[in-house]
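Trainee: If you count the sequence shown from 1, you need to add 347 to reach our numbering.
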Amino acid sequence: MTTVKAAIDSMIQSRTVDTGVVSGLSRQIIAQMNTLQTSILLNFESLPGIASTGGSHLNLYLQAGAKESLRAALKAGIAQQPNLKMTVSSAYRTVAQQHILYQVYRRDPKLIPLAAKPGNSNHEDGLAIDVSNHQAWKPYLLAHGWQWLGANDPVHFFENNGRDDVGNLGVKAFQSLWNKYHPNDLMTVDGNFGDQTAAKMDRCPIAGFSRVTSFQMGDTGSIINRIQQSLTNVGYPTPVTGSFDRLTKEAVIKFQTKKGLGADGVVGPMTLKALGIRL
Ligand SMILES: [Zn+2]
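Take a look at the structure:
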């Protein structure tokens with residue numbers, strides 16, 4: 348398993364930065380964001396006129412308002428030049444990708460001269476795109492709600508039609524995703540990318556998390572509440588505390604014995620299924 352930290356170390360060593368290495372983790376973060384806030388990020392890959400540069404770092408997502416402004420700009424451009432395509436080289440950036448850029452910038456500013464703190468880039472708000480053929484598209488983008496910051500970053504366009512707290516939502520999504528897979532090592536879900544969150548990000552697998560399917564004494568979290576509630580519902584009254592304690596273990600053993608499961612007091616996939624719990 349390659350961790351985010353190991354990937355950053357190897358990028359600094361090889362002097363090549365590729366935020367596409369965390370595409371698995373990024374996909375999970377985007378899915379979690381759309382769970383926390385329904386349809387906050389919309390895919391725009393299928394808009395007529397879009398031709399991305401490809402690459403696993405690319406997440407072609409925008410907020411709804413920005414997506415509509417992009418649709419209008421594309422339509423106007425194609426009306427003038429039917430064969431014109433917009434080559435997008437960067438769009439939505441997950442907190443995992445921004446963490447990589449920020450860490451590389453801090454450790455080797457020659458490699459990345461400037462990067463915003465995770466949670467603070469407007470690529471993390473789903474309101475920015477980088478357009479390789481920016482000269483061709485600039486007039487149409489500017490006419491349809493997009494802004495250009497200038498020649499220092501000529502590919503970068505942003506749109507203000509949307510929420511500006513989506514960067515924080517991305518941090519929250521990462522924090523709650525972490526908690527889902529680490530019931531024994533919970534962190535505060537506050538949308539603030541501090542040292543603790545950064546340290547946990549470093550430990551994440553770049554391919555994304557694998558499902559935890561076993562819970563035992565000492566574990567805590569919302570899944571434990573569900574296990575305790577289910578045990579109570581099926582006739583093994585257990586205080587719903589969110590903490591897998593001795594009482595919970597005893598109830599699990601009784602339930603497993605009754606169901607003919609291995610009575611080890613550990614709630615694994617079979618016991619979860621018998622309790623009617625889907626993760
Ligand atoms: Zn940009």
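Think of the CB as a built atom: it goes at the ideal place given N, C-alpha and C, for glycine as much as any other residue.
On a predicted model such as this, the values are computed, not experimentally measured, just so you know.
Val478 lies in the beta strand (DSSP E); which residues open and close that run?
Mentor: By one-based count along the sequence shown, residue 478 stands at place 131. From DSSP, the beta strand (DSSP E) with Val478 extends over 475-478.
Trainee: Going by DSSP in three states, Tyr449 sits in which element: helix, strand or coil?
Mentor: In the sequence shown, counting from the first residue as 1, residue 449 sits at position 102. Correct three-state label for Tyr449: helix.
Trainee: Give every residue of the same chain whose Cβ lies closer than 8 Å to the Cβ of Pro584, excluding the five residues on either side of it in the sequence, and list them in chain order.
Mentor: Here residue 584 corresponds to residue number 237 of the sequence shown, with the count starting at 1. Leu578, Ala598.
Trainee: Indicate the three-state DSSP secondary structure (helix, strand or coil) for Glu506 in the structure shown.
Mentor: As a first step, residue 506 must be located in the sequence shown, where it is residue number 159. Strand.
Trainee: Our contact map puts Leu409 next to Phe391 with C-beta atoms below 8 Å; I'd like the distance itself, whole angstroms only.
Mentor: For the purposes of this step, residue 409 is identified with residue 62 of the sequence shown, where counting begins at 1. For the purposes of this step, residue 391 is identified with residue 44 of the sequence shown, where counting begins at 1. The pair is a contact, with the Cβ atoms about 5 Å apart (cut-off 8 Å).
Trainee: Give the list of continuous alpha helix (DSSP H) stretches no shorter than 4 residues that lie fully inside the region 555-617.
Mentor: Those alpha helix (DSSP H) runs which fall completely within the region 555-617 and span 4+ residues are 569-580, 593-606.
Trainee: Classify Met358 as helix, strand or coil using the three-state DSSP reduction.
Mentor: Residue 358 sits at position 11 when you count from the first residue of the sequence shown. The answer is helix: DSSP assigns Met358 an H, G or I state.
Trainee: Run through DSSP, which three-state label would Ile425 get?
Mentor: By one-based count along the sequence shown, residue 425 stands at place 78. Looking at Ile425 - three-state DSSP - the assignment turns out to be helix.
Trainee: Quick one: grab the DSSP three-state call for Asn515.
Mentor: In the sequence shown, residue 515 corresponds to position 168, counting from 1. Looking at Asn515 - three-state DSSP - the assignment turns out to be helix.
Trainee: Touch check for the region 416-428 and the region 545-552: three-plus C-beta pairs under 8 Å?
Mentor: Cβ pair count under 8 Å is below three, so no.
Trainee: Leaving aside the five residues before and after Thr366 along the sequence, list all residues of the same chain whose C-beta is less than 6 Å from its C-beta, in chain order.
Mentor: Start at 1 with the first residue of the sequence shown, and residue 366 comes out as number 19. If we look at Thr366 and ignore the five residues flanking it on each side, its Cβ neighbours are His404, Gln444, Ile447.
Trainee: Using beta-carbon positions only, say whether Val478 and Val435 come within less than 8 Å of one another.
Mentor: Residue 478 sits at position 131 when you count from the first residue of the sequence shown. Residue 435 sits at position 88 when you count from the first residue of the sequence shown. Yes.
Trainee: What separation, rounded to the nearest whole angstrom, lies between the Cα atoms of Val614 and Ile574?
Mentor: To locate residue 614, count along the sequence shown from 1; it is residue 267. To locate residue 574, count along the sequence shown from 1; it is residue 227. One C-alpha to the other measures close to 8 Å.
Trainee: Of the residues Lys457, Ser569, His491, which one's Cα is nearest the Cα of Leu533?
Mentor: The residue given as residue 533 occupies position 186 in the sequence shown. The shortest C-alpha separation from Leu533 is found at Ser569.
Trainee: Check whether the Cβ of His404 lies closer than 7 Å to any heavy atom of ligand 1, and answer yes or no.
Mentor: The residue given as residue 404 occupies position 57 in the sequence shown. Outside the cutoff, so no.
Trainee: Identify every residue that forms a DSSP beta bridge with Met433.
Mentor: As a working mapping, residue 433 is identified with position 86 in the sequence shown. Beta-bridge pairing links Met433 to Ile397.
Trainee: Is the beta carbon of Gly473 sitting closer than 8 Å to the one on Leu388?
Mentor: The residue labelled residue 473 in the question sits at position 126 within the sequence shown. The residue labelled residue 388 in the question sits at position 41 within the sequence shown. Going by C-beta atoms, Gly473 is nearer than 8 Å to Leu388.
Trainee: Using the C-alpha atoms, what's the distance from Asp455 back to Lys561?
Mentor: On the sequence shown, position 214 is the one that residue 561 refers to. On the sequence shown, position 108 is the one that residue 455 refers to. The question names Lys, but residue 561 in the sequence shown is Ser. Going from the Cα of Ser561 to the Cα of Asp455 covers about 41 Å.
Trainee: What residues in its chain sit with their C-beta under 7 Å from that of Pro501, if we drop five residues either side in the sequence?
Mentor: By 1-based counting over the sequence shown, the position of residue 501 is 154. Same-chain partners within the cutoff: His481.
Trainee: For the candidate residues Gly582, Ile600, Gly555, Ile553, whose alpha-carbon lies nearest to that of Met564?
Mentor: Walking along the sequence shown from the start, residue 564 turns up at place 217. Selected option, being the one with the closest Cα: Ile600.
Trainee: Where the beta carbon is closer than 7 Å to any heavy atom of ligand 1, which residues qualify, in chain order?
Mentor: In chain order, the hits are Ser437, His470, Ala475, Asp477, Asp500, Val502, His503.
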